[in-house]
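Residue numbers (our numbering): 42 to 315.
Ideal placement from N, C-alpha and C gives every residue a C-beta, glycine not left out.
Keep in mind that this is a model prediction, so the values were computed, not measured.
Quick notes on the structure that follows.
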Amino acid sequence: MGIASVLVWRFVPQPDARRSERPLGVHNAVAEYASLLRQPGVAAASVMFALVFLSFPLYIAYLPLWLETTFGATGGAIALLFFLGGVGNVIAGPEAGRLSDRVGRKPVIIGASLAVTAVILVTPFVNVALWPIYVVFSVAMGLFASRGSSFQALLTELVSDERRGALMSLTAATGQIGFAIGGALAGLVFTAFGPGYLANAGLSAAGCFVLAVVAWRYLPEPSIDDADREEMKAEKTPSSESRSLAETACRQSSDALCGPHQETGHMIPEHESK
């Protein structure tokens, strides 16, 4: 965390975004969260965040213990499992983000959720050796990362600049609530059924499937249509007519200062101003 703090301080840029001018305080924070939750897309995203973090501990918390009791896995074997899972995460996340830029956020989120549902359900039945578990777990972690990167990108598009921090805090809070519930359920379910890992995997897969349904039914797909793109381009780029007038004025003037200036725009030649 110390290294991360230094990296953020030294290298992460501060976005040039519009900031909220509302005073800080508990009352304003609660009012802001309530206002956000009244938006269907934000409410759906909050529920999805809770489901993401609820299903994850159900899948992962007792997987090492199951591998120890089923295969006699050692600490080194468990460490290798998580190392390979991290590699899958690192490889899949950026590629899924690029894919979501091309096809949209929702298709990637829904597709990854359905795929990880199937992979989680398969995991308890891959009980012939450790190496197939390594493959399945790496695929699962890659799918988790694929869904996560696309979901994070979509969240930044749901609200305007000055509300984005509040939205990210809200979804982080609902995610932690889901993580607490999922962690508690993981222990209860694992001990209640044997102990056994099948029930944990089944509940985790159910959470991922419900998440896909919520995304399909209620999550918006923010987009910029052609008219919006042209309007944005027009705001950033001076029209050809204004450029032509400015260039003509400059050619007709002998003023040394004629041309684009940050403070005054295009200087008007003295003979024209009179």
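Span separating the alpha-carbon of residue i from that of residue j
i, j, result
"residue 136", "residue 127", "15 angstroms"
"residue 209", "residue 61", "14 angstroms"
"residue 260", "residue 52", "33 angstroms"
"residue 239", "residue 193", "30 angstroms"
"residue 149", "residue 110", "36 angstroms"
"residue 73", "residue 153", "31 angstroms"
"residue 195", "residue 232", "38 angstroms"
"residue 99", "residue 203", "35 angstroms"
"residue 143", "residue 256", "18 angstroms"
"residue 117", "residue 123", "10 angstroms"
"residue 237", "residue 94", "21 angstroms"
"residue 279", "residue 57", "Residue placement at residue 279 is flagged as unreliable, the pLDDT there being 47, under the threshold of 50; a coordinate-derived value is accordingly withheld."
"residue 166", "residue 173", "10 angstroms"
"residue 218", "residue 115", "32 angstroms"
"residue 155", "residue 190", "16 angstroms"
"residue 230", "residue 71", "34 angstroms"
"residue 141", "residue 188", "10 angstroms"
"residue 75", "residue 225", "27 angstroms"
"residue 48", "residue 42", "10 angstroms"
"residue 46", "residue 105", "31 angstroms"
"residue 50", "residue 85", "33 angstroms"
"residue 213", "residue 139", "23 angstroms"
"residue 267", "residue 44", "Unreliable placement is indicated for residue 267, whose pLDDT of 38 sits below 50; the coordinate value is still reported in the next sentence. Cα to Cα, residue 267 sits roughly 43 angstroms from residue 44."
Chain-order list of residues whose beta-carbon lies under 8 angstroms from that of residue i (same chain, five-residue window excluded)
i, result
"residue 186", "129, 130, 131, 133, 134 and 137"
"residue 201", "59"
"residue 121", "175"
"residue 216", "90, 91, 93 and 94"
"residue 83", "77, 199, 200, 208 and 211"
6 angstroms CB neighbourhood of residue i in its chain, flanking five on each side removed
i, result
"residue 66", "none"
"residue 145", "262"
"residue 161", "100, 242, 245 and 246"
"residue 107", "238"
"residue 248", "92, 95 and 96"
"residue 164", "177 and 242"
"residue 125", "175 and 179"
"residue 250", "158"
"residue 182", "126, 129 and 130"
Proximity of residue i and residue j at Cβ, strictly below 8 angstroms
i, j, result
"residue 253", "residue 119", "no"
"residue 157", "residue 199", "no"
"residue 223", "residue 96", "yes"
"residue 78", "residue 207", "no"
"residue 227", "residue 103", "yes"
Cut-off 7 angstroms between Cβ atoms - residues of its own chain near residue i, not counting five sequence neighbours on either side
i, result
"residue 81", "259"
"residue 197", "205"
"residue 63", "69"
"residue 180", "129 and 160"
"residue 54", "none"
"residue 112", "171"
"residue 147", "256, 260 and 262"
"residue 168", "111"
"residue 234", "240"
Contact with chain D by residue i, beta-carbon distance below 8 angstroms
i, result
"residue 43", "Although the question refers to chain D, the structure presented lacks it and comprises just one protein chain."
Original post:
What runs of the beta strand (DSSP E), each 3 residues or longer, lie entirely inside the segment 155 to 205?
Top reply: The segment 155 to 205 contains no whole beta strand (DSSP E) run of 3 or more residues.
Subject >> Entirely enclosed alpha helix (DSSP H) segments - the segment 66 to 94, minimum 4 residues >> reply: Counting only runs of 4 or more residues that sit fully inside the segment 66 to 94, the alpha helix (DSSP H) segments are 67 to 78, in chain order.
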